[in-house]
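Number of protein chains: 2
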Amino acid sequence: MPRATTTSDVFNAVAEPRRREILDLLSASELPVGVIVVRLRLAQPSVSKHLGVLRRVGLVRARRHGRQLFYRTEALGLEAVHEWTKTFERFWNHQLLQVKLRAEAAAKVAATSGLNPTPNPQGE
Amino acid sequence: MPRATTTSDVFNAVAEPRRREILDLLSASELPVGVIVVRLRLAQPSVSKHLGVLRRVGLVRARRHGRQLFYRTEALGLEAVHEWTKTFERFWNHQLLQVKLRAEAAAKVAATSGLNPTPNPQGE
DNA sequence: TTGACATATTCCGTTATAGGAATATATTGA
DNA sequence: TCAATATATTCCTATAACGGAATATGTCAA
């Protein structure tokens, strides 16, 4: 079987880099499709299709003003992604802590011994 | 063109629900492939392939112990996803704030007028 | 060495995807 | 009504993805 359909899943929707760029753009302000096309230098149909995917998963909403459709992000749906990754927070905090502690220890050794800080000792 | 290759991108790697389940499992503790197979009721080759993807993007690391390969998460790579979604935090905070304020306002009106809280008035 | 076990890899078939080109729809103004 | 503008949709094609089955690799124990 191929990949689970992109259309009904926020994770899949934001897996596509262009769609993330679109969301980035829209995070600053509501924009009509044409502006997105120009700013990201993408083909208009391509942008419309990406917006369609984002709309279907609820990450974006459109408002018509004359001939233009202004899109804005409805980023509430990203909270799920944020929360999921958050459950792994301790891992990178842990990693950063290691680095920090290692640096501090090295600095301390250097201070007391008069040597330069040692480069990253191998292993954990 | 089809989708950007899954192999070199954390966002794509975690777009697949099974891979997220695997990461969830591994977040608790290091596990050999066989255990993942049993717990998630997936075919062994399927699990190996998913682990391969996760390994290639650096979300997982393996350690051999006898015949078994113990995998553990290397979740540092998820920080990028977490940080990206974090840039949209204000949107859902904003939304939740709206809901909260609306509920509070409704409760207040109800309290002073003796009426039931009004259901969500339309619009922003 | 052989056999059993644990895991990875390969091959195959099906299917959703993304881009491009062409076209359809909607809105405005004349 | 018609033309112009803005956007969406459709059709087409190439490709990567996933699952399943079969097989390969690696490790241990006898």
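Chains R and G are the protein sequences, given in the same order. Just so we're aligned: 74 in this note's numbering is position 74 of the first sequence, and the numbers increase by one with no gaps anywhere. Just so we're aligned: 1010 in this note's numbering is position 10 of the second sequence, and the numbers increase by one with no gaps anywhere. All residues carry an ideal CB built from backbone N, CA and C; glycine is no exception. For clarity, every value in this text was computed on a predicted model and none was experimentally measured.
For this session: For the beta strand (DSSP E) holding residue 73 of chain R, just list the boundary residues, first then last.
Result: As a first step, residue 73 of chain R is located in the first sequence; it is residue number 73 there, counting from the start. Start and end: 68 to 73.
Problem set entry | Under 9 angstroms from the C-beta of residue 1020 of chain G: neighbouring residues of chain R | Mapped onto the second sequence, residue 1020 of chain G falls at position 20. For residue 1020 of chain G, the C-beta contacts it makes with chain R under 9 angstroms involve 11 and 84, in order along the chain.
Exercise. Which value, in whole angstroms, describes the spacing of the CA atoms of residue 84 of chain R and residue 1054 of chain G?
Worked result: Residue mapping note: residue 84 of chain R aligns to position 84 of the first sequence, counting from 1. Residue mapping note: residue 1054 of chain G aligns to position 54 of the second sequence, counting from 1. Residue 84 of chain R and residue 1054 of chain G: Cα-Cα distance of roughly 16 angstroms.
Problem set entry | Anticipated Cβ contact below 8 angstroms, residue 1071 of chain G with residue 1080 of chain G, distance rounded | For the purposes of this step, residue 1071 of chain G is taken as the residue at position 71 of the second sequence. For the purposes of this step, residue 1080 of chain G is taken as the residue at position 80 of the second sequence. Not confirmed; about 21 angstroms, so no contact.
For this session: Would you kindly work out how many angstroms separate the C-alpha atoms of residue 1074 of chain G and residue 1106 of chain G, rounded to a whole number?
Result: By 1-based counting over the second sequence, the position of residue 1074 of chain G is 74. By 1-based counting over the second sequence, the position of residue 1106 of chain G is 106. Going by the C-alpha atoms only, they are around 47 angstroms apart.
Exercise. If you run the structure through DSSP and keep just helix, strand and coil, what is residue 109 of chain R?
Worked result: Position 109 of the first sequence, counted from the first residue, corresponds to residue 109 of chain R. Helix, per DSSP.
For this session: Say whether the segment 1044 to 1059 of chain G touches the segment 1086 to 1094 of chain G, bearing in mind that this needs 3 or more beta-carbon pairs closer than 8 angstroms, one atom from each stretch.
Result: no
Exercise. Out of curiosity, what's the CA-to-CA distance linking residue 1076 of chain G and residue 1109 of chain G?
Worked result: The residue labelled residue 1076 of chain G in the question sits at position 76 within the second sequence. The residue labelled residue 1109 of chain G in the question sits at position 109 within the second sequence. If I take the Cα positions, the gap works out to 48 angstroms.
Exercise. For the beta strand (DSSP E) that residue 1060 of chain G lies in, which residues bound it at each end?
Worked result: As a working mapping, residue 1060 of chain G is identified with position 60 in the second sequence. Segment 1060 to 1065, the beta strand (DSSP E) holding residue 1060 of chain G.
Problem set entry | Assigned secondary structure, residue 1049 of chain G (DSSP; H/G/I helix, E/B strand, else coil) | Position 49 of the second sequence holds residue 1049 of chain G. In the structure shown, residue 1049 of chain G sits in a helix (DSSP, three-state: H, G or I).
Problem set entry | Contact residues within the segment 23 to 42 of chain R, judged by C-beta distance below 9 angstroms to chain G | Within the segment 23 to 42 of chain R, contact with chain G at the beta-carbon level (separation under 9 angstroms) is assigned to 23, 24 and 27.
For this session: Check residue 1023 of chain G in the structure and name its three-state DSSP category.
Result: Indexing the second sequence from 1 puts residue 1023 of chain G at position 23. Taken through DSSP and simplified to helix, strand or coil, residue 1023 of chain G comes out as helix.
Problem set entry | Contact set between residue 1060 of chain G and chain R, taken where Cβ atoms lie within less than 8 angstroms | For this step, residue 1060 of chain G is matched to residue 60 along the second sequence. Those do not exist, as residue 1060 of chain G stays about 11 angstroms from chain R at its closest Cβ, beyond 8 angstroms.
Problem set entry | Extent of the continuous alpha helix (DSSP H) to which residue 11 of chain R belongs | Counting from one through the first sequence, the residue named residue 11 of chain R turns up at place 11. Start and end: 10 to 13.
For this session: Starting from residue 85 of chain R, follow the alpha helix (DSSP H) in both directions and report where the run begins and ends.
Result: Counting from 1 along the first sequence, the entry for residue 85 of chain R is found at position 85. Start and end: 78 to 86.
Exercise. Quick one: what does DSSP say residue 122 of chain R is sitting in, helix, strand or coil?
Worked result: On the first sequence, residue 122 of chain R is found 122 positions in, with the first residue counted as 1. At residue 122 of chain R the pLDDT is 41, less than 50, meaning the model places this residue with poor confidence; the figure from the coordinates comes in the next sentence. Looking at residue 122 of chain R - three-state DSSP - the assignment turns out to be coil, as it is neither helix nor strand.
Exercise. Under three-state DSSP, which class holds residue 31 of chain R?
Worked result: Locating residue 31 of chain R in the first sequence gives position 31, counting from the first residue. Strand, per DSSP.
Exercise. So, residue 1040 of chain G versus residue 1018 of chain G, is the Cβ gap smaller than 8 angstroms?
Worked result: As a working mapping, residue 1040 of chain G is identified with position 40 in the second sequence. As a working mapping, residue 1018 of chain G is identified with position 18 in the second sequence. It is a contact, given that the beta carbons lie within the stated cut-off.
Problem set entry | Whole-angstrom distance between residue 1067 of chain G and residue 21 of chain R, CA atom to CA atom | To locate residue 21 of chain R, count along the first sequence from 1; it is residue 21. To locate residue 1067 of chain G, count along the second sequence from 1; it is residue 67. Rounded to the nearest angstrom, the two C-alpha atoms are 44 angstroms apart.
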